[in-house]
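Visitor:
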Amino acid sequence: MLPDQSFSSVRSVELRIVPFDHPDAVALSAAVQQEYVQRYGDEDVTPIEPDEFTPPRGLFLVGYLDDGPVACGGWRARDNEEEHLRVGDAELKRMYVVPEARGNGLARALLAELERTAALAGRRRVVLETGTKQPEAIALYLSCGYIEAPQFGVYRGHPCSRCFSKLLPAATPDARAQV
Numbered sequence: 001m002l003p004d005q006s007f008s009s010v011r012s013v014e015l016r017i018v019p020f021d022h023p024d025a026v027a028l029s030a031a032v033q034q035e036y037v038q039r040y041g042d043e044d045v046t047p048i049e050p051d052e053f054t055p056p057r058g059l060f061l062v063g064y065l066d067d068g069p070v071a072c073g074g075w076r077a078r079d080n081e082e083e084h085l086r087v088g089d090a091e092l093k094r095m096y097v098v099p100e101a102r103g104n105g106l107a108r109a110l111l112a113e114l115e116r117t118a119a120l121a122g123r124r125r126v127v128l129e130t131g132t133k134q135p136e137a138i139a140l141y142l143s144c145g146y147i148e149a150p151q152f153g154v155y156r157g158h159p160c161s162r163c164f165s166k167l168l169p170a171a172t173p174d175a176r177a178q179v
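Just so it is clear: in the sequence shown, position 128 is 128 by the UniProt record's numbering, and no numbers are missing.
1) Can you tell me the Cα-Cα spacing of residue 118 and residue 146, whole angstroms?
2) What runs of the beta strand (DSSP E), each 3 residues or longer, lie entirely inside the UniProt domain "N-acetyltransferase" (15-169)?
3) Are the CB atoms of residue 180 and residue 18 nearer to each other than 8 Å?
4) Applying the criterion that 16 or more other CB atoms from any shown protein chain within 10 Å of the CB defines a buried residue, is residue 153 buried or exposed?
5) Leaving aside the five residues before and after residue 89 along the sequence, list all residues of the same chain whose C-beta is less than 6 Å from its C-beta, in chain order.
6) I'd like to check one pair, residue 106 with residue 13: are the Cβ atoms closer than 8 Å?
7) Enumerate in chain order the residues of its own chain whose CB-to-CB distance from residue 6 is below 7 Å, with the five nearest sequence positions on each side excluded.
8) On a Cα-Cα basis, can you pick out the residue from 85, 38, 55, 63 that is closest to residue 151?
9) Cβ of residue 61 within 8 Å of Cβ of residue 108?
10) Whole angstroms is fine: what's the gap from residue 131's alpha carbon to residue 40's?
11) Drop a sphere of 10 angstroms on the beta-carbon of residue 110, count the other beta-carbons inside from all chains shown, and report buried for 16 or more, exposed for fewer.
12) Only counting the same chain, and skipping five residues up and downstream in sequence, which positions put a Cβ closer than 6 Å to that of residue 167?
13) Do residue 94 and residue 29 count as a contact pair if the criterion is CB distance below 8 Å?
14) If you reduce the DSSP assignment to three classes, tell me which class residue 175 lands in.
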C-alpha cells in the first residue's frame, strides 16, 4: 500500500497509512503528548524514529472523520532489543483519539487494524506501555484480550507504568502479501 492511500473504513471513519512525519500524524502526536502533560506532568520520552513506522517494519495510521484527522496509532517492530521483548514483537505507540470523537469505537477499530496489519507483516505479539492515569486505555486493552506483561522500555520500574501484551494469529503467506 502507498502512504496516504485509503486503508479501511469503520463506520464513517477512514483509516489511512501515513508516514509518521505526515502533518496530520505530527499534529495528533503533539496532541497526545499534551494529554500526557495534563495527566502525568510531562511528555512521553520514549525514543522514536519516524522510519521505525515504515512498512514492513512498522506502520502508522491516522483516522479521518469527514476528512478531519481524529485518531492515530502505530506499531513498530521490536525484535528482542531488550529484556521482556521477543523476536516478532510489535510495539504500539501513539494511540490517540481526539476528545470530541471519543466514545464512538474509534480506538477499538484503530487497535484492531493495527493488530491486523502487524500480523500480516509477520509480527507474532503486540506489546505496549501505558500509564495508570489512563484507565480508559487500560480498560480498552483488557477488553480486547491483552494481558498484563512485565515492564519494558524507558518506564520500566516506574510505579505509574503498566505494560500489556497479546499474541497475534499467524497470517498466511497470501494474506501477508496484502500489506
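Ideal Cβ placement from N, Cα and C applies to all residues, glycine included. Please read all numbers here as calculations on a predicted model, not as lab measurements.
Guide: According to the data block:
1) Counted from its first residue, the sequence shown places residue 118 at position 118. Counted from its first residue, the sequence shown places residue 146 at position 146. Spanning the two alpha carbons is a distance of roughly 15 Å.
2) The UniProt domain "N-acetyltransferase" (15-169) contains these whole beta strand (DSSP E) runs: 58-65, 68-78, 89-97, 125-131, 147-149, 161-167.
3) An answer regarding residue 180 cannot be provided, because it is not within the stretch 1 to 179 covered by the chain.
4) Stepping through the sequence shown from its first residue, residue 153 is reached at position 153. By the neighbour-count criterion, in which 16 or more other beta carbons inside 10 Å mark a residue as buried, residue 153 falls on the buried side.
5) Locating residue 89 in the sequence shown gives position 89, where the first residue counts as 1. In chain order, 78, 125, 127 place their CB closer than 6 Å to the CB of residue 89, counting only its own chain and leaving out the 5 sequence neighbours on each side.
6) Here the question's residue 13 lines up with position 13 in the sequence shown. Here the question's residue 106 lines up with position 106 in the sequence shown. Cβ atoms of residue 13 and residue 106: closer than 8 Å.
7) Taking the first residue of the sequence shown as 1, we reach residue 6 at position 6. Confidence in residue 6 is poor, its pLDDT being 41 and thus under 50, which makes the residue's placement unreliable; the coordinate value appears in the next sentence. Apart from sequence neighbours up to five positions away, the residues of its chain that approach residue 6 with a beta-carbon distance below 7 Å are 14, 16, ordered along the chain.
8) Counted from its first residue, the sequence shown places residue 151 at position 151. Among 85, 38, 55, 63, the Cα nearest to that of residue 151 belongs to 85.
9) As a first step, residue 61 is located in the sequence shown; it is residue number 61 there, counting from the start. As a first step, residue 108 is located in the sequence shown; it is residue number 108 there, counting from the start. At a Cβ-Cβ threshold of 8 Å, residue 61 and residue 108 do not count as neighbours.
10) Taking the sequence shown and counting its residues from 1, the one referred to as residue 131 is at position 131. Taking the sequence shown and counting its residues from 1, the one referred to as residue 40 is at position 40. If you take the alpha carbons of residue 131 and residue 40, they lie about 9 Å apart.
11) The count along the sequence shown starts at 1 and reaches residue 110 at position 110. The residue is buried, with at least 16 neighbouring Cβ atoms inside 10 Å.
12) Taking the sequence shown and counting its residues from 1, one reaches residue 167 at position 167. Contacts found: 125.
13) Residue mapping note: residue 29 aligns to position 29 of the sequence shown, counting from 1. Residue mapping note: residue 94 aligns to position 94 of the sequence shown, counting from 1. It is a contact, given that the beta carbons lie within the stated cut-off.
14) In the sequence shown, counting from the first residue as 1, residue 175 sits at position 175. In this predicted model, residue 175 has a pLDDT of only 48, less than 50, meaning its place in the structure is not dependable enough to derive any value.
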